[in-house]
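Enquirer:
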Amino acid sequence: MKNSNNSILIKTDRFLLKSLRVKNVKKDYINWIRYENKRFIEYNPPKLNIKILKKYVSKKINKKNCIFLGIFTRNKKHIGNLKFEPINFKSKYAVMGILIGDKKWKGKGAGFEVLKSSFNYLYLNYKITKIYLGVEKKNLAAIGLYKKLGFKMLKNNKIYRYSMYLKLKN
Ligand SMILES: CC(C)(COP(=O)(O)OP(=O)(O)OC[C@H]1O[C@@H](n2cnc3c(N)ncnc32)[C@H](O)[C@@H]1OP(=O)(O)O)[C@@H](O)C(=O)NCCC(=O)NCCS
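The sequence shown begins at 1 in my numbering and counts up by one.
1) Got a sec? Which residues, its chain only, sit under 8 Å from R39 by beta carbon, not counting five neighbours each side?
2) Rounded to whole angstroms, what is the Cα-Cα separation between G107 and F84?
3) Just the C-alpha distance for S4 and S118, rounded to the nearest angstrom, thanks.
4) When you compare the CB positions of V57 and V114, do they come within less than 7 Å of one another, or not?
5) Helix or strand or just coil, what does DSSP make of N34?
6) Of all the options K76, N125 and G97, which has the alpha carbon lying nearest to the alpha carbon of E42?
7) Using only alpha-carbon positions, find the residue among G144, Y162, E136 and K116 that is nearest to K179.
8) Any contact of the segment 154-166 with the segment 52-71, i.e. 3+ C-beta pairs under 8 Å?
9) If you measure between the beta carbons of I176 and K92, is that distance less than 7 Å?
10) Could you give the DSSP three-state label for G107: helix, strand or coil?
11) Are G70 and L99 touching if we call contact CB-CB under 7 Å?
12) Could you tell me which of K27, Y121, K167 and H78 sits nearest to L20, measuring between CA atoms?
13) Check whether the Cβ of L140 sits closer than 6 Å to any heavy atom of ligand 1, and report yes or no.
14) Could you give the first and the last residue of the continuous beta strand (DSSP E) run that contains L69?
15) Indicate whether I87 and N120 have their beta-carbon atoms separated by less than 7 Å.
16) Relative to the C-alpha of F112, which residue among K158, K55, F151 and K54 is closest?
17) For ligand 2, I want to know if V95 counts as a neighbour, meaning its beta carbon is within less than 6 Å of at least one of the ligand's heavy atoms.
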């Protein structure tokens with residue numbers, strides 16, 4: 001099981017995925033959320049400021065069933081986040097969310113690259129074999145990314161959202 005003091009580092013071709021820290025909460029991160037809340041992410045507090053976001057990150061990173069990773073370029077620029085929560089270490093599945101916040105990095109294969117590597121990490125380290133997520137039907141970029149990764153639609157009757165899952169290994 002994940003230890004709350006765990007420090008994860010995953011290297012991909014272009015990025016470093018590192019356990020998110022409270023010190024990574026800066027203006028840029030606030031701006032990503034402000035922008036995306038008009039669109040597609042779930043975290044949507046009524047008033048958002050550095051203090052509130054730091055508290056949110058602190059709470060998440062201390063949870064045993066949550067792996068929260070910052071996505072950094074090789075020259076240390078924080079461009080987004082990846083969250084697996086909850087992770088069920090016993091039943092071997094995780095629920096995920098991703099945010100490529102930095103506009104310059106959208107549509108450049110970052111999402112695909114970091115998800116591929118992080119799924120591999122979860123499989124190798126925790127034998128996680130299934131990933132689940134929810135996505136708004138209008139979020140065509142995310143749906144395209146998930147389909148490219150091999151996610152399938154789950155049957156459900158939500159009006160605005162799809163549920164999807166990916167089997168990592170047979
Ligand atoms: C959705 C998101 C994660 C995609 O990440 P990304 O790094 O931009 O995506 P990638 O460049 O890796 O693209 C992978 C595939 O996704 C699809 N895709 C990406 N952007 C797309 C767009 N604007 N329109 C349609 N399909 C798109 C394509 O199929 C693409 O494959 P291709 O390049 O071979 O055509 C990113 O845009 C994001 O963080 N958006 C805001 C937050 C969000 O919506 N999170 C998901 C909530 S469920």
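In this text, a Cβ means the ideal position worked out from N, Cα and C, and glycines have one as well.
Expert: So, from the data block:
1) Position 39 of the sequence shown, counted from the start, is the residue given in the question as residue 39. Around R39: N139.
2) In the sequence shown, counting from the first residue as 1, residue 107 sits at position 107. In the sequence shown, counting from the first residue as 1, residue 84 sits at position 84. Rounded to the nearest angstrom, the two C-alpha atoms are 22 Å apart.
3) Here residue 4 is taken as the residue at index 4 of the sequence shown, counted from 1. Here residue 118 is taken as the residue at index 118 of the sequence shown, counted from 1. Any answer about S4 is weak, because its pLDDT of 48 lies below 50 and its placement is not dependable; what the coordinates show is given next. Using only the alpha carbons, I get a separation of about 18 Å.
4) Position 57 of the sequence shown holds residue 57. Position 114 of the sequence shown holds residue 114. For V57 and V114, no; Cβs fall outside 7 Å.
5) Working through the sequence shown from its first residue, we reach residue 34 at position 34. Looking at the sequence shown, residue 34 is not Asn but Arg. DSSP places R34 in helix when its eight states are reduced to three.
6) Position 42 of the sequence shown, counting from 1, holds the residue named residue 42. Ranked by Cα distance from E42, the options K76, N125 and G97 are led by G97.
7) Any property of residue 179 remains undetermined from this structure, which presents the chain solely from 1 to 170.
8) At 8 Å Cβ cutoff, the stretches do not touch.
9) Because the chain in this structure spans residues 1 to 170, residue 176 falls outside the shown range and cannot be described.
10) The residue you call residue 107 lines up with position 107 of the sequence shown. Looking at G107 - three-state DSSP - the assignment turns out to be coil, as it is neither helix nor strand.
11) Looking up residue 70 in the sequence shown gives position 70. Looking up residue 99 in the sequence shown gives position 99. Judged by their CB atoms, G70 and L99 are not nearer to each other than the 7 Å cut-off.
12) For the purposes of this step, residue 20 is identified with residue 20 of the sequence shown, where counting begins at 1. The residue with the shortest Cα to Cα distance from L20 is H78.
13) As a first step, residue 140 must be located in the sequence shown, where it is residue number 140. Yes - ligand 1 has a heavy atom lying nearer than 6 Å to the Cβ of L140.
14) Position 69 of the sequence shown, counted from the start, is the residue given in the question as residue 69. Per DSSP, L69 belongs to the beta strand (DSSP E) from I67 to T73.
15) By one-based count along the sequence shown, residue 87 stands at place 87. By one-based count along the sequence shown, residue 120 stands at place 120. No, Cβ-Cβ distance for I87 and N120 is not below 7 Å.
16) Counting from one through the sequence shown, the residue named residue 112 turns up at place 112. Comparing Cα positions, the closest option is F151.
17) The ligand content of the structure shown is limited to ligand 1, which means ligand 2 is not among them.
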